[in-house]
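Numbering (numbering that gives the first Met the number 0), first residue to last: 0 to 342. Virtual Cβ for every residue (Gly too), placed ideally from N, Cα, C. Since we're looking at a predicted model, the values are computed, not measured. Remarks on the structure that follows.
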Amino acid sequence: MDPLPTSEDKLPAGAGATISVIDSASLSNLPLEPYFHCDLPRLQRVTVPAFSFVITNQRGRSVLFDLGLRKDWPKLPPTAVAEIHNDQLGIHCEQDVLDILEAHDFPIENVEAIVLSHHHFDHIGDPSRFPSSTALVVGPGVCEALMPGYPDQEISEILTSDYSGRSVREIDFTSTDLSILGLPALDYFGDGSLYLLSTPGHAVGHMAALVRTTSSPDSFVLLGGDACHHCGELRPSPGQPIPMSARSCITGFLNTHSNDGSQPFFKIQRDARYAAYCHNPDEAEQTILRLQRFDALDNVLIIFAHDASIKTVIDEFPATLNDWLIKGWGSSCRWRFLRDFEE
Ligand SMILES: [Zn+2]
Numbered sequence: 000m001d002p003l004p005t006s007e008d009k010l011p012a013g014a015g016a017t018i019s020v021i022d023s024a025s026l027s028n029l030p031l032e033p034y035f036h037c038d039l040p041r042l043q044r045v046t047v048p049a050f051s052f053v054i055t056n057q058r059g060r061s062v063l064f065d066l067g068l069r070k071d072w073p074k075l076p077p078t079a080v081a082e083i084h085n086d087q088l089g090i091h092c093e094q095d096v097l098d099i100l101e102a103h104d105f106p107i108e109n110v111e112a113i114v115l116s117h118h119h120f121d122h123i124g125d126p127s128r129f130p131s132s133t134a135l136v137v138g139p140g141v142c143e144a145l146m147p148g149y150p151d152q153e154i155s156e157i158l159t160s161d162y163s164g165r166s167v168r169e170i171d172f173t174s175t176d177l178s179i180l181g182l183p184a185l186d187y188f189g190d191g192s193l194y195l196l197s198t199p200g201h202a203v204g205h206m207a208a209l210v211r212t213t214s215s216p217d218s219f220v221l222l223g224g225d226a227c228h229h230c231g232e233l234r235p236s237p238g239q240p241i242p243m244s245a246r247s248c249i250t251g252f253l254n255t256h257s258n259d260g261s262q263p264f265f266k267i268q269r270d271a272r273y274a275a276y277c278h279n280p281d282e283a284e285q286t287i288l289r290l291q292r293f294d295a296l297d298n299v300l301i302i303f304a305h306d307a308s309i310k311t312v313i314d315e316f317p318a319t320l321n322d323w324l325i326k327g328w329g330s331s332c333r334w335r336f337l338r339d340f341e342e
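In structure tokens, the structure reads:
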């Protein structure tokens, strides 16, 4: 897959949806080596947010994309609690996403679904606190791989209470012939405001979401989940080389890492010691190549679930992300991660 967009690459037309980002929690002391190799001391252990998003279409239908962490995280399945202890992660979560929505009088009963990029504990939150009318939407293969949950299956990474008593919809991308810039897609609301995208690799059935923030002219926010754990896995790319203005601050890094400024700084970790951190490295690499085609477009803002670099730029819930293009957040966010490389 060529990471450069072609003249045939067109994003579909459709209606807009409102979207807000919620940062309910942060993870500290997160090791990055299991995801990609990096020799910079300041990128060995990092503190990152765990974003979730609330999306509402023009007919008032709402979904959440990811739920971040749960405040009572010791109640996670033993496998997830062990992972937290083994990695010596710090978890800082005083409010669930539900608490934050309620504090702002958001009509919870309008949340028809929680869409999960994937099932990991820092994304699944606590769905059991939502009304039974709220469905759980997961990517291909998730039900077979993870259900039944704990305690019905000791080794499951999810809880039975995450899905019991509510409808679970597993997305089947083969049921649609829609593809956007090389990624199999599903028009969730049927109005072109929210597309679920198949972005496999990091975890079984990993999905991203493309949300239309404005129409005519079109702009989009792409919610990338854990397809990358640092923007240096995505950028620079042939379609999004480092601008000259940003290059001067990191000349030393570019020289010592033989990077000409047109290829990403980091590659998916292949060391067998970290095999448990990535479901399928080949697919994860292909997913990043496809995301680079979206990233090459100036009307698409990509936000990964743990992108600490944009936290101080964007406005959070109850504000919306919809005016990101007018506010210039695309240009101010895209290269902000380079601060991690400055001498
Ligand atoms: Zn994550």
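In the DSSP assignment, Thr78 falls within the unbroken alpha helix (DSSP H) covering 77 to 85. Secondary structure of Gly124 (DSSP, three-state): coil.
Within the same chain, and ignoring the five residues on either side of Glu93 in sequence, the residues whose Cβ sits closer than 7 Å to its Cβ are Lys70. Less than 8 Å separates the beta-carbon of His122 from that of Gly67. Pairing Leu63 with Val114, the inter-Cα distance amounts to about 6 Å. For Gln268, same chain residues with a beta-carbon under 8 Å away, outside a window of 5 residues either side, are Glu32, Pro33, Tyr34, Phe35, His36, Tyr276, Cys277, Pro280 in chain order.
In the DSSP assignment, Leu145 forms no beta bridge with any residue. With respect to Ser27, Gly89 sits close: the two C-beta atoms are nearer than 8 Å. Under the three-state reduction of DSSP output, Ser214 falls in the coil class, being neither helix nor strand. Taking the Cα positions, Leu222 is about 8 Å away from Val210.
As computed with DSSP, Arg44 is found in a beta bridge with Pro30. His229 has its Cβ no nearer than 7 Å to any heavy atom of ligand 1. By DSSP's assignment, Ala274 forms no beta bridge with any residue.
One thing to note: Thr198 has its Cβ within 8 Å of the Cβ of Gly224.
Asp86 has its Cβ no nearer than 7 Å to any heavy atom of ligand 1.
Contact between Leu320 and Ser127 does not hold, since the beta-carbon distance rounds to 28 Å and is not under 8 Å. Between Glu341 and Cys230 a beta carbon distance of about 15 Å is seen, past the 8 Å cut, so the two are scored as non-contacting.
Beta-bridge partners assigned by DSSP to Ile21: Ser51.
Burial state of Ser174 is exposed, judged by a 10 Å Cβ sphere holding fewer than 16 other Cβ atoms. Annotated as proximal: Leu300 and Trp328, with beta-carbon spacing under 8 Å. Note that the C-beta distance between Ser51 and Ile21 is below 8 Å.
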